[in-house]
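**Q**
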Ligand code: SF4
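Residue numbers (this note's numbering): 1 to 284.
#1: Rounded to the nearest angstrom, what separates residue 137 and residue 96 at their Cα positions?
#2: Using only Cβ atoms and a threshold of 5 angstroms, which residues come within that distance of a heavy atom of the ligand SF4? Order them by chain position.
#3: Excluding the 5 residues flanking residue 2 on each side, which residues of the same chain have their C-beta closer than 8 angstroms to its C-beta?
#4: Could you check what DSSP says for residue 103 in three-state terms: helix, strand or coil?
#5: Per DSSP, which residues does residue 115 bridge with? Please list them.
#6: If you count every other CB in all the chains shown that lies within 10 Å of the CB of residue 165, and 16 or more means buried, which is it?
#7: Which residues does DSSP list as the beta-bridge partners of residue 120?
#8: Between which two residues does the alpha helix (DSSP H) carrying residue 26 extend?
#9: Do you know whose CA, among 20, 253 and 246, lies nearest residue 127's CA?
#10: In the DSSP output, which residue or residues are listed as bridge partners for residue 81?
#11: Give the DSSP-derived three-state secondary structure of residue 202 in the structure shown.
#12: Taking the alpha-carbon of residue 8 as reference, which of 17, 22, 25 and 30 has the nearest alpha-carbon?
#13: Determine the extent of the beta strand (DSSP E) in which residue 146 is found, giving its start and end residues.
#14: Which stretch, first to last residue, makes up the beta strand (DSSP E) that contains residue 191?
#15: Since residue 254 sits in a beta bridge, which residues does DSSP pair it with?
#16: Looking only at C-alpha atoms, which of 201, 151, 115 and 125 sits nearest to residue 144?
#17: Only counting the same chain, and skipping five residues up and downstream in sequence, which positions put a Cβ closer than 6 angstroms to that of residue 112?
#18: With distances taken from CA atoms, which of 220, 222 and 191 is nearest residue 209?
#19: Return the CA-CA distance between residue 108 and residue 197, expressed in angstroms with no decimal places.
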């Protein structure tokens, strides 16, 4: 446990992201430690450490390569980079990506690309921000692409209720007009696609509509209001969540990370994605 009382006041305005909101939904205390106390993670996420660090780096490399491809770097150059990387997974993911251009990513053709696009909008006393891997636009319709490098494919129902899916679609309808000649995208003109580098033919696609957009935005506003008013941030009641959490030692929930079991693998995989965004937030 920490030696001194930990802070509870949220700075205002605070830039909420899908990562911070997901942390709050997963565990109130994790949100407090990470975003109010701004503590870096003192314990490794999961064991074995080196394997996870390597996968994080590979994921970052893959995201960078796709971004460079979308910005026009020649395929041959990128293929050469993948082949000469020391990564055991990157060449396979890259080949899967190239092959998918004629298959599960065929919808990318003839679109205007906005890779690594950041959007932000006020929400209550705070702001909601998101950084998208890719927003592809054609004829007033927008597809949000998100690249996933996890080695298990989560269930679609689980992905649909994640903060990322709720935040990305609703924020695009409210803050993306400049990507559409100044005209806001209607919810029915937006869809979200998760593309899995390990499972290139198994994309998860989520359409959108007015009812879901209103429900998402109102729900996010309520969530942010609730976080702002909080005076205490309790520990997760579900101790399984702690096995992958870097703040275990602060909460007396064990110093040694769990080996990822099949049962908890999806949670751990999601944690990797969260951390990639978290690293970027801290760098800014
Ligand atoms: S160790 Fe458990 S209780 Fe503590 S922040 Fe992490 S998930 Fe929450």
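For each residue, glycine too, the CB sits at the ideal point set by N, CA and C.
Every value quoted in this text rests on a predicted model; they were computed, and no experiment measured them.
**A** With the structure as the only source:
#1: 23 angstroms
#2: 27, 29, 30, 235, 236, 241, 242, 245, 247, 248, 251 and 253
#3: With a pLDDT of 49 at residue 2, under the threshold of 50, the modelled position of this residue cannot be trusted, and the question is left open.
#4: coil
#5: 134
#6: buried
#7: 129
#8: 18-26
#9: 20
#10: Bridge partners of residue 81: none, in fact.
#11: strand
#12: 30
#13: 141-148
#14: 190-196
#15: Paired residue(s): none; residue 254 is not in a bridge.
#16: 115
#17: 137
#18: 191
#19: 16 angstroms
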